[in-house]
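A short worksheet on the structure shown next.
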Amino acid sequence: FFFRSPLLSCEFIFFRCTMLLMRLIICIFSLVYHLYLWWSRCIAWALLYVFYIVNVVNTLLRRRGRNGPLDVFVVGGGIAGCLAARDIADRGFSNGLRLKVTLVDPKTYFEYTPSVLRAIVDLREASTILMPYAASGLPSAGVQVRQACVTRVDPTAKTIQYTDAVGHYECGFDYALLSHGVPYAESSIRDWTSQTVEDRRCALEAENTLMTNAQCIVLAGGGATGVELAAELATGLRPLEGGRTRRLVLVCSADRLLHCS
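In terms of the numbering used here, the sequence shown opens at residue 245 and continues consecutively.
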């Protein structure tokens with residue numbers, strides 16, 4: 245009966261034509277959208293390529309007449325600084341570039357900072373997170389490690405000033421990477437005074453002794469560091485002698501922990 249009625253047949257045909265028209269419009273909009281995305285990506289990659297070429301040409305023009313290698317300074321020997329120095333040296337060697345990569349850090353060792361909180365509670369972790377630069381893979385990769393404290397970096401004149409045990413120096417650079425990190429409110433987490441592995445191990449032992457003998461420990465701050473340290477102290481700290489109980493208090497200004505995380 246549906247196909248026999250002329251009125252219903254016309255309505256059916258109109259409905260089918262409307263659906264086909266809508267599908268066609270959707271396909272056209274989808275095609276235009278994907279073409280827009282493709283062209284925008286092409287333009288973005290072209291701009292990045294032009295910026296890279298201009299940067300390389302400026303470097304070559306600036307170094308025209310010099311026969312020495314490119315001077316690359318990495319300030320800071322944390323995770324980012326060590327990985328960047330190693331990667332720059334490896335890529336320069338594999339691509340046939342003459343690079344002189346220098347890592348400047350006040351201490352003589354690498355420290356895996358995310359595990360410091362665990363090392364404060366369990367001193368056995370200290371041997372796994374501390375490594376002298378001489379025993380790392382940086383010297384074998386061609387990275388020169390210099391124990392010094394950077395006092396000034398001039399990006400306009402491309403000069404860097406640093407001070408070591410001998411004196412104060414100033415030298416030029418072609419590229420400089422600042423990865424010196426940020427300090428913590430608690431100096432035991434990020435130690436800026438210990439210069440050797442033994443000094444840092446002694447500092448961790450002193451902090452562990454202080455925590456172990458304490459009857460009440462108050463942690464100020466309910467962020468990621470405070471919560472993690474509270475959990476490490478609650479689960480891994482040795483109990484007090486004589487059956488005494490230890491109070492562990494976590495003070496937070498917000499109404500819940502990890503409020504800003």
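Note that the Cβ used here is the ideal one computed from N, Cα and C, for glycine as well.
Unbroken beta strand (DSSP E) run spanning residue i, endpoints
i, result
"Gly-480", "Element bounds for Gly-480: not the beta strand (DSSP E) but the alpha helix (DSSP H), 468-480."
"Leu-367", "First-last for Leu-367: undefined, no H or E at that position."
"Arg-396", "393-398"
"Pro-376", "374-376"
"Val-426", "Val-426 -> no beta strand (DSSP E), and no H or E assigned at all."
"Glu-485", "No beta strand (DSSP E) holds Glu-485; DSSP gives it neither H nor E."
"Gly-416", "412-416"
Endpoints, the alpha helix (DSSP H) within which residue i is located
i, result
"Cys-496", "Run containing Cys-496: none; DSSP gives neither H nor E here."
"Leu-501", "First-last for Leu-501: undefined, no H or E at that position."
"Asp-443", "441-457"
"Gly-531", "Here the chain covers residues 245 to 505 and nothing more, so residue 531 does not appear."
Local conformation of residue i per DSSP, three classes
i, result
"Ser-249", "Interpretation of Ser-249 is limited by its pLDDT of 49, a score under 50 that renders its predicted location unreliable; no figure is taken from the coordinates."
"Val-276", "helix"
"Thr-357", "helix"
"Phe-317", "strand"
"Thr-403", "strand"
"Ala-464", "strand"
"Leu-574", "The chain is shown from 245 up to 505; residue 574 falls before or after that span and cannot be answered."
"Leu-421", "strand"
"Leu-265", "helix"
"Arg-362", "helix"
"Phe-295", "helix"
"Arg-285", "helix"
"Arg-491", "strand"
"Ser-384", "coil"
Identity of the residue in the options nearest residue i by Cα
i, options, result
"Gly-336", "Arg-267, Val-387, Ser-380, Asp-499", "Val-387"
"Ile-323", "Leu-347, Leu-292, Glu-451", "Leu-347"
"Ala-370", "Ser-380, Glu-355, Ser-274", "Glu-355"
"Asp-334", "Ile-373, Gly-381, Ile-364", "Gly-381"
"Phe-317", "Cys-496, Tyr-406, Val-471", "Tyr-406"
"Leu-477", "Val-360, Gly-487, Leu-264", "Val-360"
"Ala-468", "Leu-501, Glu-485, Val-462", "Leu-501"
"Thr-357", "Ala-464, Thr-372, Gly-340, Arg-267", "Thr-372"
"Gln-391", "Val-397, Ala-378, Ser-384, Ala-385", "Ala-378"
"Ala-420", "Leu-281, Leu-314, His-278, Phe-273", "Leu-314"
"Arg-342", "Gly-312, Lys-351, Met-266", "Gly-312"
For residue j and residue i, believed in contact at Cβ under 8 Å, the rounded distance
i, j, result
"Arg-445", "Leu-374", "7 Å"
"Gly-320", "Ser-423", "4 Å"
"Leu-448", "Ile-364", "6 Å"
"Thr-403", "Gly-416", "5 Å"
Residue burial classification, residue i (beta-carbon count within 10 angstroms, cutoff 16)
i, result
"Val-522", "The structure shown does not extend to residue 522, since the chain spans only 245 to 505, so no value can be given for it."
"Glu-442", "exposed"
"Tyr-353", "buried"
"Leu-473", "buried"
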